[in-house]
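**Q** Dropping a structure here in structure tokens format, bear with me for questions.
Below, the structure written as structure tokens:
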């Protein structure tokens with residue numbers, strides 16, 4: 001199955017693109033810039049959704065749904081916001097088609113022009129804050145803790161499956177609060193939830209930090225982020241949480257009467273993760289043979305493959321395999337018994353290796369005689385012969401071990417690829433020869449950050465929340481700096 005998969009060391013981009021398709025995760029759509037997420041890929045996204053949804057609800061959030069279409073005038077109300085998204089917007093101008101007079105097909109009916117053009121949702125702050133105006137009168141109406149699972153459209157000219165597509169799936173939380181402190185607390189709580197999910201479920205280590213002014217979300221006063229490192233040494237922003245201050249409440253006149261009877265503007269946050277996390281999951285762990293999935297998000301935890309020549313052998317193996325399957329399912333694990341007679345065991349082994357199934361059990365007639373099975377790990381490719389008796393008690397511990405091992409391996413890689421640079425020459429050499437995260441001094445100005453980006457294609461990924469203060473000189477201007485920030489080239 002993995003024959004012909006490019007090697008990461010030779011062409012990382014081709015390896016990624018081919019793996020996404022060969023592992024049946026997604027494919028390019030006939031609609032340029034859009035993708036089809038296939039059932040196996042969507043089942044991973046569903047597990048991400050289910051896990052995050054529970055985390056949101058456990059912290060008091062509820063789900064709602066808001067319109068896909070946003071009146072153009074809404075975007076104009078928050079200047080920074082419209083500036084940030086204007087170049088990516090898809091615009092609806094008409095509401096009807098008609099048959100062409102010459103019979104060549106359908107055309108836009110010029111009589112059906114909309115009075116006000118509609119923007120296909122690039123993000124929902126404007127339409128949601130316009131709605132919150134109707135929901136909020138008193139401090140008793142706050143806080144509002146709402147999340148939306150939706151699709152969004154941001155027009156892209158150069159696309160890559162999961163990482164950058166014109167339409168993608170995501171969740172966006174939008175909350176409203178009576179005080180600044182409550183809103184900041186919410187913003188920080190959500191970035192911590194994202195970090196918990198990405199590290200403990202995806203098995204990907206992250207650095208929590210603040211975005212620089214240049215990289216901040218359009219319309220936010222502060223953007224918190226989690227940054228991950230992929231195997232090719234590039235960074236990937238895995239989630240963001242934005243403190244909006246009162247920008248959107250002022251733009252949409254969302255006020256409330258406080259306990260003191262005074263009329264005040266509401267404080268806001270927004271936060272989101274998207275199907276980009278699928279790209280992070282693939283690139284952080286997978287190898288030249290295919291996907292390596294952490295058990296906490298794997299659609300199939302264990303696959304059982306029978307090895308037989310005669311039908312009666314399959315019947316005996318099936319009886320034992322179904323017993324193991326039920327015992328593990330009773331413990332909450334997803335198990336597939338692949339008894340298809342259309343493919344040989346070797347083909348099946350390669351298929352499930354490509355698809356990243358954490359554990360494979362192979363059972364043949366001799367195994368039945370000996371009361372054993374062959375147990376193979378996807379992450380290390382280690383194979384062991386183990387007793388069938390009590391295997392349902394052994395596998396949960398092994399899956400936990402695999403989850404931890406995958407995370408530790410990714411963390412070790414990340415830590416080995418964090419380097420310091422004290423001069424611009426050293427900075428450029430590290431970028432070109434090694435990649436990874438670079439800790440360097442910066443003078444704090446957007447102008448310097450922009451110049452570094454233009455010359456090297458590296459951006460400030462974040463200013464770590466746990467950063468140590470350290471006097472130094474900016475690598476580019478030589479001006480004083482009080483701390484190092486993290487630079488990298490990024491997806």
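Residue numbers (full-length UniProt numbering): 1 to 491.
Note that CB positions come from ideal geometry on N, CA and C, so glycine has one too.
Every value quoted in this text rests on a predicted model; they were computed, and no experiment measured them.
Spatial neighbours of residue 333 within its chain, please: C-beta separation below 6 Å, excluding the five flanking residues on both sides.
**A** The residue labelled residue 333 in the question sits at position 333 within the chain shown. Here the set comprises 301.
**Q** Is the segment 187 to 201 close to the segment 432 to 441, with three or more CB pairs under 8 Å?
**A** Touching, no, given that fewer than three Cβ pairs across the two stretches are closer than 8 Å.
**Q** Rounded to whole angstroms, what is the Cα-Cα separation between residue 315 and residue 10?
**A** Your numbering for residue 315 matches position 315 in the chain shown. Your numbering for residue 10 matches position 10 in the chain shown. About 45 Å.
**Q** Would you call residue 61 buried or exposed, if buried means 16 or more other Cβ atoms sit within 10 Å of its Cβ?
**A** Here residue 61 is taken as the residue at index 61 of the chain shown, counted from 1. Burial call: buried.
**Q** Quick check on the burial criterion: 16 or more other C-beta atoms within 10 angstroms. Buried or exposed for residue 231?
**A** On the chain shown, residue 231 is found 231 positions in, with the first residue counted as 1. With 16 or more Cβ atoms within 10 Å of its Cβ, residue 231 is classed as buried.
**Q** Could you tell me the alpha carbon to alpha carbon distance between residue 483 and residue 424, rounded to whole angstroms?
**A** What you label residue 483 is simply residue 483 of the chain shown in a count that begins at 1. What you label residue 424 is simply residue 424 of the chain shown in a count that begins at 1. If you take the alpha carbons of residue 483 and residue 424, they lie about 16 Å apart.
**Q** Determine contact between the segment 34 to 42 and the segment 83 to 98, defined as no fewer than three beta-carbon pairs at a distance below 8 Å.
**A** Taking 8 Å as the limit for Cβ pairs, the verdict is that the segment 83 to 98 does not touch the segment 34 to 42.
**Q** Where do the N-terminal and C-terminal ends of the beta strand (DSSP E) with residue 440 fall, by residue?
**A** Locating residue 440 in the chain shown gives position 440, where the first residue counts as 1. Taken as a continuous stretch (DSSP letters only), the beta strand (DSSP E) holding residue 440 covers 437 to 441.
**Q** Roughly how many angstroms lie between the CA atoms of residue 478 and residue 226, to the nearest whole one?
**A** Taking the chain shown and counting its residues from 1, one reaches residue 478 at position 478. Taking the chain shown and counting its residues from 1, one reaches residue 226 at position 226. For residue 478 and residue 226, the distance between alpha carbons rounds to 28 Å.
**Q** Taking 6 Å as the limit between beta carbons, can you name the residues of its chain near residue 467, skipping five residues before and five after?
**A** Counting from 1 along the chain shown, the entry for residue 467 is found at position 467. Within the same chain, residue 467 has close Cβ partners 483.
**Q** Per DSSP, residue 35 is paired with what?
**A** The residue given as residue 35 occupies position 35 in the chain shown. Answer is 28, bridged to residue 35.
**Q** Nearest chain C C-beta to residue 295 closer than 7 Å, yes or no?
**A** No chain C appears in this structure, which consists of one protein chain only.
**Q** Residues in its own chain within less than 8 Å of residue 17 by CB, not counting five upstream and five downstream?
**A** For the purposes of this step, residue 17 is taken as the residue at position 17 of the chain shown. Around residue 17: 160, 161.
**Q** Counting C-beta neighbours from all protein chains within 10 Å, is the total for residue 296 16 or more, i.e. buried, or is it exposed?
**A** One-based indexing of the chain shown puts residue 296 at position 296. So residue 296 ends up on the buried side.
**Q** Helix or strand or just coil, what does DSSP make of residue 11?
**A** As a first step, residue 11 is located in the chain shown; it is residue number 11 there, counting from the start. In this structure, residue 11 counts as coil in the three-state DSSP scheme.
**Q** Residue 249 and residue 224: beta carbons closer than 7 Å?
**A** Within the chain shown, residue 249 is the residue found at index 249, counting from 1. Within the chain shown, residue 224 is the residue found at index 224, counting from 1. Not in contact: residue 249 and residue 224 (Cβ atoms no closer than 7 Å).
**Q** Output the boundary residues of the alpha helix (DSSP H) element that contains residue 194.
**A** As a working mapping, residue 194 is identified with position 194 in the chain shown. Residues 180 to 200.
**Q** Quick one: grab the DSSP three-state call for residue 476.
**A** One-based indexing of the chain shown puts residue 476 at position 476. In this structure, residue 476 counts as coil in the three-state DSSP scheme.
**Q** Output the boundary residues of the alpha helix (DSSP H) element that contains residue 392.
**A** Along the chain shown, one-based indexing puts residue 392 at 392. Start and end: 391 to 416.
**Q** The beta strand (DSSP E) that contains residue 484, what's its start and end?
**A** Along the chain shown, read from residue 1 onward, the residue named residue 484 stands at position 484. It spans 484 to 488 - the beta strand (DSSP E) in which residue 484 sits, taken as one unbroken run.
**Q** Could you tell me which residues DSSP pairs with residue 306 in its beta bridges?
**A** For the purposes of this step, residue 306 is identified with residue 306 of the chain shown, where counting begins at 1. Answer by DSSP bridge pairing, in chain order: 363.
**Q** Just mark residue 487 as buried or exposed, buried being the case when its beta carbon has 16 or more other beta carbons within 10 Å.
**A** If you number the chain shown from 1, residue 487 lands on position 487. It counts as buried.
**Q** Leaving out five residues before and five after residue 341 in sequence, what residues of the same chain have Cβ atoms less than 7 Å from its Cβ?
**A** Within the chain shown, residue 341 is the residue found at index 341, counting from 1. Result list for residue 341: empty, nothing under 7 Å.
**Q** Distance, Cα to Cα, residue 459 vs residue 124?
**A** Along the chain shown, one-based indexing puts residue 459 at 459. Along the chain shown, one-based indexing puts residue 124 at 124. Distance between the alpha carbons of residue 459 and residue 124 is about 26 Å.
**Q** Using 7 Å as the threshold, is the C-beta distance between residue 177 and residue 217 below it?
**A** The residue given as residue 177 occupies position 177 in the chain shown. The residue given as residue 217 occupies position 217 in the chain shown. No. Outside cutoff.
**Q** For the alpha helix (DSSP H) containing residue 388, list its first residue and its last residue.
**A** For the purposes of this step, residue 388 is taken as residue 388 along the chain shown, with counting starting at 1. Taken as a continuous stretch (DSSP letters only), residue 388 belongs to no alpha helix (DSSP H), as it is neither H nor E.
**Q** Quick one: is residue 285 buried, meaning 16 or more other Cβ sit within 10 Å of its Cβ, or exposed?
**A** Counting from 1 along the chain shown, the entry for residue 285 is found at position 285. The residue is buried, with at least 16 neighbouring Cβ atoms inside 10 Å.
**Q** What is the residue span of the beta strand (DSSP E) that residue 461 lies within?
**A** Within the chain shown, numbered from 1, the residue matching residue 461 stands at position 461. Start and end: 459 to 464.
**Q** Quick one: residues in its chain with C-beta nearer than 8 Å to the C-beta of residue 142, no 5 flanking neighbours on either side, listed in chain order?
**A** Here the question's residue 142 lines up with position 142 in the chain shown. Excluding positions up to five away in sequence, the list reads 136, 176, 177, 178, 256, 266.
**Q** Under a Cβ-count criterion, where at least 16 other Cβ atoms within 10 Å of its own Cβ denotes burial, should residue 251 be classed as buried or exposed?
**A** The sequence position of residue 251 within the chain shown is 251, counting from 1. Buried, by the Cβ-count rule.
**Q** Could you give the distance in angstroms between the alpha-carbon of residue 14 and the alpha-carbon of residue 97?
**A** Position 14 of the chain shown, counted from the start, is the residue given in the question as residue 14. Position 97 of the chain shown, counted from the start, is the residue given in the question as residue 97. C-alpha separation (whole angstroms): 40 Å.
**Q** Roughly how many whole angstroms lie between the Cα atoms of residue 475 and residue 234?
**A** If you number the chain shown from 1, residue 475 lands on position 475. If you number the chain shown from 1, residue 234 lands on position 234. Between residue 475 and residue 234, the C-alpha separation is close to 20 Å.
**Q** Exposed or buried, what is residue 489 when buried is set at 16 or more other beta-carbons lying within 10 Å of its beta-carbon?
**A** Taking the first residue of the chain shown as 1, we reach residue 489 at position 489. Buried.
**Q** Are the beta-carbon atoms belonging to residue 272 and residue 170 less than 7 Å from one another?
**A** Here residue 272 corresponds to residue number 272 of the chain shown, with the count starting at 1. Here residue 170 corresponds to residue number 170 of the chain shown, with the count starting at 1. Contact flag set, yes.
**Q** Thinking residue 337 and residue 304 are a contact (beta carbons under 8 Å), I'd like their distance in whole angstroms, please.
**A** In the chain shown, the residue the question calls residue 337 occupies position 337. In the chain shown, the residue the question calls residue 304 occupies position 304. With 8 Å as the limit, residue 337 and residue 304 qualify as a contact, their Cβ atoms being about 5 Å apart.
**Q** Using a Cβ distance threshold of 8 Å, determine whether the segment 73 to 81 contacts the segment 42 to 56, with at least three qualifying pairs required.
**A** At 8 Å Cβ cutoff, the stretches do not touch.
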